[in-house]
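One structure below.
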Amino acid sequence: RPQSSARITISEGSCPERITTITGSTDAVFRAVSMIAFKLEEVGSSPRRAAGRRCRGGPTRRLAPQDLGDGGAPGRAPVTLRLVIPASQCGSLIGKAGAKIREIRESTGAQVQVAGDLLPNSTERAVTVSGGPDTIVQCVRQICAVILESPPKGATIPYHPGLSLGTLLLSANQVRGGRG
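Under full-length UniProt numbering, the first residue of the sequence shown carries the number 1, and numbering increases by one thereafter.
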């Protein structure tokens, strides 16, 4: 936290998936994401959790953990981040006939997959990014640039892992449904 100058919080809960939120200037957020990606690569082949990222208009970035996947430097364990993005912004990320996502893949060398389905009880989709730490950071920068240019349309119901069905959270005059 002090090295990145970002504020980092991890959601409460005992479920296998938790949300990490990184708040700060764009530089501080990317510094924190970079440090996380390099730390995850450093831990090597032991079972571990990766952070996904949810970019919204403004300086807050939200991360959702997931098991690591394929990609990364030869001889090193790959790093996979799962970004949690409002579904209304995924069209801009994919682009016409997949042109934008293809451009991001080609320019960064990262593996990028946009989920077709919404995350449970939310209006958000997972975008999985795999590769080495430098590749991940470049890719996340490009993805955030695209979605920051295209603000979410309508209300966003955030993904909350581990909430039981019927749970309601009230925040900033927005009702959010929980999941179980």
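Heads up, the beta-carbon is just placed ideally off N, CA and C, and yes, glycines get one too.
It should be emphasised that the depicted structure is a prediction, and the values quoted were computed from it without experimental measurement.
For isoleucine 10, the three-state DSSP class (helix, strand or coil):
strand
May I ask you to report which of helix, strand or coil DSSP gives isoleucine 85?
strand
Give me the residue from Val140, Ala145, Gly132 and Val137 with the minimum Cα distance to valine 43.
Gly132
Just list the residues that DSSP pairs glutamate 124 with in beta bridges.
Pro86
Compute the distance between the beta-carbons of valine 84 and isoleucine 101, then report whether it is under 8 Å.
no
For the ligand FMN, is there any heavy atom lying closer than 7 Å to the beta carbon of lysine 153?
Ligands in the displayed structure: none, and consequently the ligand FMN is not present.
Give the DSSP-derived three-state secondary structure of serine 130 in the structure shown.
strand
Local Cβ density within 10 Å of valine 175, reported as buried at 16 or more and exposed below that
Here valine 175 scores only 42 on pLDDT, less than 50, and its place in the model is too uncertain to base an answer on.
How about isoleucine 147 and leucine 81: are their beta carbons less than 8 Å apart?
no
In the DSSP assignment, what residue or residues form a beta bridge with valine 114?
Val127
Below 8 Å between beta carbons: does that hold for alanine 87 and threonine 123?
yes
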